[in-house]
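Going letter by letter, the sequence shown gives residues 1 to 337 in the UniProt record's numbering. Notes to accompany the following structure.
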Amino acid sequence: QIEDIVTRMQDDKTGGVPIRTVKSFLSKIPSVVTGSDIVQWLMKNLSIEDAGEAIHLGSLIAAQGYVFPISDHVLTLKDDGTFYRFQAPYFWPSNCWEPENTDYAIYLCKRTMQNKARLELADYEAENLARLQRAFARKWEFIFMQAEAQVKIDRKKDKTERKILDSQERAFWDVHRPVPGCVNTTEMDIRKCRRMKNPQKVKKSVYGVAEESQPQSPVHVPSQPVRKTTKEDFRKQITFLNMQIERHCLKMSKVAESLIAYTEQYVEYDPFITPAEPSNPWISDDAALWDIEMSKEPSQQRVKRWGFSMDEVLKDPVGRDQFLRFLESEFSSENLR
1 QIEDIVTRMQ DDKTGGVPIR TVKSFLSKIP SVVTGSDIVQ WLMKNLSIED
51 AGEAIHLGSL IAAQGYVFPI SDHVLTLKDD GTFYRFQAPY FWPSNCWEPE
101 NTDYAIYLCK RTMQNKARLE LADYEAENLA RLQRAFARKW EFIFMQAEAQ
151 VKIDRKKDKT ERKILDSQER AFWDVHRPVP GCVNTTEMDI RKCRRMKNPQ
201 KVKKSVYGVA EESQPQSPVH VPSQPVRKTT KEDFRKQITF LNMQIERHCL
251 KMSKVAESLI AYTEQYVEYD PFITPAEPSN PWISDDAALW DIEMSKEPSQ
301 QRVKRWGFSM DEVLKDPVGR DQFLRFLESE FSSENLR
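Structural data, given as structure tokens:
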């Protein structure tokens, strides 16, 4: 159903989402749509009355990689002018992708060979590349040669086509090797994996790299009768568990420590936890606290909060005014204009 919706969105004859080329300073951005256009189309064509529901549905479609932001690794939909691009059918999840780490290594290695700002590795990608280089030390020369061959093929393509394909390839890996902290929509729960008798995903190479452990032509595994667990099944289970161990994740102790530190820092600014002075206007008829907050002269507690970070200063209207006055006194206010 998702693919039917995405196909309809790209069909101009049936009133799809307007796909256009946008001019940007010294270049052009080809084949893009805006997030607000996608939300409006979903509301109109799927009879959705609530914009929030349309954004949620669009985010689910984006999380699967069918549509993606062209300048962000986080696959979610925003109801604004953010530019999005549709994924090529070759990279759709329905092709049952389960890409190998060697493919990911080739992709990252290929990115480092191209001297373009839009292809620079993010911090987490650079860390992944270093880890893969250590893991595949013995076959890194082979991976490097594969990446070089891919770069040569890409250079023969049209500039506009190459720009689109680069973004689609990046979005594919954002789905299968997501940014730390984002949900991996392709990841299978270990309990479900152990219960499954007929796995639908097969390992296949994105770049056609043949290995001993993967078939030359990927096909769905046909249904088979229930059988006894073999050594190969245990070997696959061990491989799966090793992949889970390699995932980026924070220890619960670290998460709890950060949460406690944040709570202790902001506890005195939460009137539901710490009694406000003069009184909490939400549970009393006294609005004096709001009057104090609206005054141009900041209280000591307010100034103390500004000391937490620059964000606290800039998101407070009074803080912004005070900061601007400081810059004017230092003859630096023109830097903000």
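Ideal placement from N, C-alpha and C gives every residue a C-beta, glycine not left out. Only a predicted model underlies this, so the values are computations on that prediction, with no experimental measurement involved.
Can you give the beta carbon distance from G81 to S36, rounded, assuming they're within the 8 Å contact cut?
Taking the sequence shown and counting its residues from 1, one reaches residue 81 at position 81. Taking the sequence shown and counting its residues from 1, one reaches residue 36 at position 36. Contact flag correct, Cβ pair sits at about 7 Å.
Is V22 near Y84, with beta carbons less than 8 Å apart?
As a first step, residue 22 must be located in the sequence shown, where it is residue number 22. As a first step, residue 84 must be located in the sequence shown, where it is residue number 84. Not in contact: V22 and Y84 (Cβ atoms no closer than 8 Å).
3-residue-minimum beta strand (DSSP E) runs that sit fully inside the UniProt domain "DEP" (13-88), ordered along the chain:
Scanning the UniProt domain "DEP" (13-88) for uninterrupted beta strand (DSSP E) segments of 3 residues or longer gives 20-24, 27-34, 67-69 and 83-86, listed from N- to C-terminal end.
With a cut-off of 8 Å, does the C-beta of G35 fall near any C-beta of chain D?
No chain D appears in this structure, which consists of one protein chain only.
Thinking C-beta only, is D174 closer than 8 Å to L75?
As a position in the sequence shown, residue 75 is number 75, starting the count at 1. As a position in the sequence shown, residue 174 is number 174, starting the count at 1. Against a cut-off of 8 Å, the Cβ pair of D174 and L75 comes out as a contact.
Nonlocal neighbours in the same chain, by C-beta distance under 7 Å from Y269, ignoring five residues either side
The residue you call residue 269 lines up with position 269 of the sequence shown. Once the five neighbours on either side are set aside, the close Cβ partners of Y269 are R305.
Among L129, M113, D286 and Q87, the one whose alpha carbon lies nearest that of N101:
Within the sequence shown, numbered from 1, the residue matching residue 101 stands at position 101. Selected option, being the one with the closest Cα: L129.
Between A54 and V39, is the Cβ-Cβ spacing less than 8 Å?
Within the sequence shown, the letter at position 54 stands for residue 54. Within the sequence shown, the letter at position 39 stands for residue 39. Contact: yes.
Give me the Cα-Cα distance between L57 and L77, rounded to the nearest whole angstrom.
Translated into positions along the sequence shown, residue 57 becomes position 57. Translated into positions along the sequence shown, residue 77 becomes position 77. Cα-Cα distance, rounded: 9 Å.
So what does DSSP say about C96, is it helix, strand or coil?
Numbered from its first residue, the sequence shown carries residue 96 at position 96. For C96, the secondary structure class from DSSP, reduced to helix, strand or coil, is coil.
What residues in its chain sit with their C-beta under 8 Å from that of E3, if we drop five residues either side in the sequence?
Reading the sequence shown from its first residue, position 3 is the one you call residue 3. The residues are Y66, W92 and S94.
In the DSSP assignment, the alpha helix (DSSP H) including F308 goes from what residue to what residue?
Within the sequence shown, residue 308 is the residue found at index 308, counting from 1. Here F308 belongs to no alpha helix (DSSP H), and DSSP marks it neither H nor E.
In its own chain, which residues sit with a C-beta less than 6 Å from the C-beta of L119, not counting the 5 before and 5 after it?
Reading the sequence shown from its first residue, position 119 is the one you call residue 119. Here the set comprises R111.
Which term fits L259, buried or exposed, when burial requires 16 or more other beta carbons within 10 angstroms of its beta carbon?
In the sequence shown, counting from the first residue as 1, residue 259 sits at position 259. Exposed.
Using three-state DSSP, classify V151 as helix, strand or coil.
Position 151 of the sequence shown, counting from 1, holds the residue named residue 151. Reduced to three states, the DSSP call for V151 is helix.
How big is the Cα-Cα spacing for E328 and I292?
The residue labelled residue 328 in the question sits at position 328 within the sequence shown. The residue labelled residue 292 in the question sits at position 292 within the sequence shown. Computed Cα separation, rounded: 26 Å.
How many angstroms separate the CA atom of S223 from the CA atom of K156?
Along the sequence shown, one-based indexing puts residue 223 at 223. Along the sequence shown, one-based indexing puts residue 156 at 156. In this prediction, S223 has a pLDDT of 42, which is less than 50 and means its spatial position is unreliable; nothing more can be read from the coordinates.
Proximity test, T7 beta-carbon vs the ligand FAD heavy atom, cut-off 7 Å
Looking for the ligand FAD in the displayed structure turns up nothing, as the structure carries no ligands at all.
Give me the Cα-Cα distance between D285 and A276, rounded to the nearest whole angstrom.
The residue you call residue 285 lines up with position 285 of the sequence shown. The residue you call residue 276 lines up with position 276 of the sequence shown. In a straight line, the C-alpha of D285 is about 13 Å away from that of A276.
Euclidean distance between Cα positions of E330 and F308:
On the sequence shown, residue 330 is found 330 positions in, with the first residue counted as 1. On the sequence shown, residue 308 is found 308 positions in, with the first residue counted as 1. Going by C-alpha positions, E330 is about 23 Å away from F308.
Where C109 falls: helix, strand or coil (DSSP)
Here residue 109 corresponds to residue number 109 of the sequence shown, with the count starting at 1. Correct three-state label for C109: helix.
Can you name, in chain order, every residue of its own chain whose Cβ lies under 6 Å from the Cβ of V313, other than the five neighbours on each side?
Working through the sequence shown from its first residue, we reach residue 313 at position 313. Excluding sequence neighbours, V313 sits near W306, G319 and F323.
In chain order, what residues of the same chain have a beta carbon less than 8 Å from the beta carbon of T274, not counting five sequence neighbours either side?
As a first step, residue 274 must be located in the sequence shown, where it is residue number 274. The residues are V267 and E268.
Rounding to the nearest angstrom, what Cα-Cα distance links R20 and E161 in this structure?
Locating residue 20 in the sequence shown gives position 20, counting from the first residue. Locating residue 161 in the sequence shown gives position 161, counting from the first residue. Each residue's CA atom was taken as its position, placing R20 and E161 some 14 Å apart.
Cβ-based burial, I245 [other Cβ within 10 Å; buried from 16]:
By 1-based counting over the sequence shown, the position of residue 245 is 245. It counts as exposed.
Buried versus exposed call for I153 [16 or more other C-beta atoms within 10 Å across all chains shown]
If you number the sequence shown from 1, residue 153 lands on position 153. When all chains shown are included, I153 counts as exposed.
Note down the Cα distance separating N45 from A62, rounded to an integer number of angstroms.
Here residue 45 refers to the residue found at position 45 when the sequence shown is read from its first residue. Here residue 62 refers to the residue found at position 62 when the sequence shown is read from its first residue. For N45 and A62, the distance between alpha carbons rounds to 18 Å.
From E212 to A171, what does the alpha carbon distance come to, in whole angstroms?
As a first step, residue 212 is located in the sequence shown; it is residue number 212 there, counting from the start. As a first step, residue 171 is located in the sequence shown; it is residue number 171 there, counting from the start. Since pLDDT at E212 reaches only 44, below the 50 mark, its modelled position is unreliable, and the value read off the structure follows with that caveat. Spanning the two alpha carbons is a distance of roughly 28 Å.
May I have the straight-line CA-CA distance separating V151 from F240, to the nearest angstrom?
If you number the sequence shown from 1, residue 151 lands on position 151. If you number the sequence shown from 1, residue 240 lands on position 240. One alpha carbon belongs to V151, the other to F240, and they sit about 31 Å apart.
I29 and I70 look like a contact to me (Cβ under 8 Å); what is the Cβ gap, rounded to whole Å?
The count along the sequence shown starts at 1 and reaches residue 29 at position 29. The count along the sequence shown starts at 1 and reaches residue 70 at position 70. Their Cβ separation, rounded to whole angstroms, is 7 Å, which keeps I29 and I70 in contact under 8 Å.
For H73, which of S47, F326, E98 and S167 has the nearest alpha-carbon?
Start at 1 with the first residue of the sequence shown, and residue 73 comes out as number 73. With distances taken between Cα atoms, H73 lies closest to S167.
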